[in-house]
Amino acid sequence: MFVFKPTSSLFFLFLLIISYSASSVTSLTVPPRGGAPLDLTTTPQQQTDGDDDSLTYLWPLPAEFTSGGDTLSVDPALTLSVAGNGGGSAILREAFGRYRGIVFKNTAGVGFSFIRKLRERLVSSVSAFDVDTLKITVHSDNEELQFGVDESYTLLVPKAKESSQVTIEANTVYGALRGLETFSQLCSFDYTTKTVKIYKAPWSIQDKPRFAYRGLMLDTSRHYLPIDVIKQIIESMSYAKLNVLHWHIIDEQSFPLEIPTYPNLWKGSYTKWERYTVEDAYEIVNFAKMRGINVMAEVDVPGHAESWEPLDVSKNFTFDVISGILADMRKLFPFELFHLGGDEVNTDCWSSTSHVKEWLQSHNMTTRDAYQYFVLKAQEMAVSKNWSPVNWEETFNTFPSKLHPKTIVHNWLGPGVCPKVVAKGFRCIYSNQGVWYLDHLDVPWDEVYTAEPLQGIHTASEQELVIGGEVCMWGETADTSNVQQTIWPRAAAAAERLWSQRDSTSQNITLIALPRLQNFRCLLNRRGVPAAPVTNYYARRAPVGPGSCYEQ
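Counting with mature numbering (1 follows the signal peptide of the UniProt record, and there is no 0), you get residues -23 to -1, 1 to 529 for the letters of the sequence shown.
Now the structure itself:
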């Protein structure tokens, strides 16, 4: 077992502090803040009413859980204790520091408070708080983040006076990250006592995701998004337990990514200041990994390529360029899935270009055949680089029997596609544009929430082929000024559908889900995420008038 402790220099500082008398420490007076203290596990009205049968304000809802009636105080000097083969993980230690900052953000003078509480701890072996230690056991030291990684965890919060230790147990560090997020949502700042509390203890939570793939697509071709904005979005994804950033980097409007093999390609960016270097891409991938999030890149071929060059199916050079791009990108993106696009292909230019038309005739091909030829060659390149190819559904709709067996079909055009896909033995990602395209601003939260990836699929073997789903943030009308308001909170509605068990989220959603989603939106706001009001008629619109965050 390893206990995370301050460095020796800090410890020396703490010893110096102990030497001061209590009278020498000037107390800090913090002016009162507006609003009543919020218990994150009950609504403000339920706190007043003392309703013990209130909703569980965790998002997404865990698979199995029980709770009690105790209230526990949490020590601002909360100590991390780790065990297991993966307990020494740097990912875990960094996450603990990150979440401790979130949980204790509202405590007055965090740095001073930490030193003061540690001084008290050193003087007395008895903590004045109910919870002073978070023990995390990670059984595996394998930190490879690939599709299907085990994200399950168990979280136990003791009864009052029974133990001062909260425990998280997980098979992988990524399961531990999910447990840390849940723990952070159990912790609530009490504005009256100015302490962090856990309500409804004891808690026993056994949790795991319903789907292995829970994604958000981000389009940086239509509008460039700075690195810091992408990081903010990744951070907010972790709060909702989403685990794949589908990075739609390149499209017909711009080519912002550096490709060392073909250094002229990123001249297709809007300006030379709106680009992503190789180092930028590394940074995004590593930042996401530290939060248990994979990055799936997309190069959309043969359509949507006008920003770099019209893709001539008759030229070997076209495929040499694509191969070079994929080779460079393989060094940047270790995730085993890679998106090759394949949607909205207009083949008129092939039939109207004389040399391409001659090539088609000499190969006895129609433009439809050429579309198939192009997609299959790109798939072969991806598979040769140990990727599983993901393609938009047009490829399946046009030539289903020809696709590579490893193909994952990405649904977007409408409902009813995934049932056909899995019936042919292919895997499917659900992103029905009618409900899960976030740029459709008139789709209300409840339609996002009630969308069901397994609709129309009844056999267990076929249901397993639906690996999950993703909400898509197309960027035609979204840039840094409004992208997060457009993503949140509707993306969270899909996140619970993808994480939580269907039976527990299929009741009266106005009573069961809406108050919890409003609470989660406010949680995002408190964490610095500019999530829009839940019940807007048009997403991302500002509030229409005064009111509480919890009722908009």
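Glycine residues also receive a C-beta, built at the ideal position from the N, C-alpha and C atoms.
For clarity, every value in this text was computed on a predicted model and none was experimentally measured.
N- and C-terminal bounds of the beta strand (DSSP E) containing residue i
i, result
"M444", "According to the sequence displayed, residue 444 carries Ile and not Met. First-last of the beta strand (DSSP E) with I444: 443 to 450."
"L491", "Premise fails: L491 lies in the alpha helix (DSSP H), 491 to 503, not in any beta strand (DSSP E)."
"K177", "172 to 178"
"Y407", "404 to 407"
"S213", "Where S213 is concerned, there is no enclosing beta strand (DSSP E), although the alpha helix (DSSP H) it sits in stretches over 204 to 216."
"S165", "164 to 167"
For residue j and residue i, the rounded distance between their alpha carbons
i, j, result
"T295", "D289", "6 Å"
"S181", "R517", "36 Å"
"F232", "T436", "42 Å"
"P179", "T48", "9 Å"
"D318", "P311", "Residue identity differs from the one stated: residue 318 is Gly in this sequence, not Asp. If you take the alpha carbons of G318 and P311, they lie about 18 Å apart."
"Q230", "Y247", "8 Å"
"P39", "R345", "47 Å"
"L442", "A265", "25 Å"
"G192", "W389", "14 Å"
"T84", "F166", "8 Å"
"D29", "L488", "Below a pLDDT of 50, predicted positions are generally treated as unreliable, and D29, at 38, falls in that range; the measurement from the model is reported next regardless. In a straight line, the C-alpha of D29 is about 16 Å away from that of L488."
"L132", "A455", "38 Å"
"K138", "V108", "9 Å"
"E447", "A105", "45 Å"
"D118", "S66", "7 Å"
"P279", "A54", "56 Å"
"R187", "Q478", "6 Å"
"H225", "V394", "22 Å"
"P523", "A508", "17 Å"
"residue 536", "G63", "Because the chain is modelled from -23 through 529, residue 536 falls outside the range shown and cannot be assessed."
"L431", "L415", "20 Å"
"Y190", "A471", "12 Å"
"E528", "K383", "46 Å"
"S438", "N485", "29 Å"
"L32", "V298", "55 Å"
"T372", "G125", "25 Å"
"V425", "Q338", "47 Å"
Beta-bridge pairing of residue i - partner residues as DSSP gives them
i, result
"S365", "L314"
"R191", "G446"
"H225", "D196, E275"
"Q529", "Bridge partners of Q529: none, in fact."
"Q183", "E41, T131"
"A60", "T114"
"Y414", "C449"
"L234", "Y253"
"V386", "N368, C405"
"V398", "None; V398 has no bridge partner."
"L353", "Its beta-bridge partners do not exist; DSSP assigns none."
"S50", "K174"
Alpha helix (DSSP H) segment containing residue i, residue limits
i, result
"Q338", "331 to 339"
"L475", "467 to 476"
"F296", "293 to 309"
"R77", "67 to 80"
"D257", "255 to 266"
"S378", "Careful: S378 lies outside any alpha helix (DSSP H) and carries neither H nor E."
"S483", "Segment: none, S483 is in no alpha helix (DSSP H) and carries neither H nor E."
"D423", "422 to 427"
"T463", "460 to 464"
"S246", "No alpha helix (DSSP H) contains S246, which DSSP labels as neither H nor E."
"S31", "Careful: S31 lies outside any alpha helix (DSSP H) and carries neither H nor E."
"E439", "437 to 440"
CA nearest to the CA of residue i, picked from the options
i, options, result
"S58", "A470, S141, E335, I434", "S141"
"A468", "K383, W413, G522", "W413"
"Q183", "S117, P520, W476, A509", "W476"
"H316", "A274, D419, Q478, F166", "A274"
"L309", "Y259, Q349, G269, Q356", "Y259"
"P37", "Y515, R474, E528, G524", "R474"
"L500", "V80, S331, G411", "V80"
"V460", "G63, S378, R503, I210", "I210"
"L163", "F497, I385, F124, V420", "F497"
"T343", "S329, A355, Q356", "S329"
"N363", "C326, N374, L303", "L303"
"R504", "E71, Y76, L69, S31", "Y76"
"I270", "N513, Q123, C449", "Q123"
"T457", "A189, V506, Q410", "V506"
"V386", "G445, V126, L154", "G445"
"I464", "Q356, E357, W422", "W422"
"H381", "N293, M358, L154, G301", "M358"
"K379", "I204, K354, P396, G452", "K354"
"Y348", "V333, S361, I175", "V333"
"S408", "E313, F376, L418, M450", "M450"
*Output the residue ranges of the beta strand (DSSP E) runs that lie fully inside the region 100 to 157 and measure 3 residues or longer, sorted by chain position.*
Within the region 100 to 157, the complete beta strand (DSSP E) runs of at least 3 residues are 108 to 115, 130 to 134, 142 to 147.
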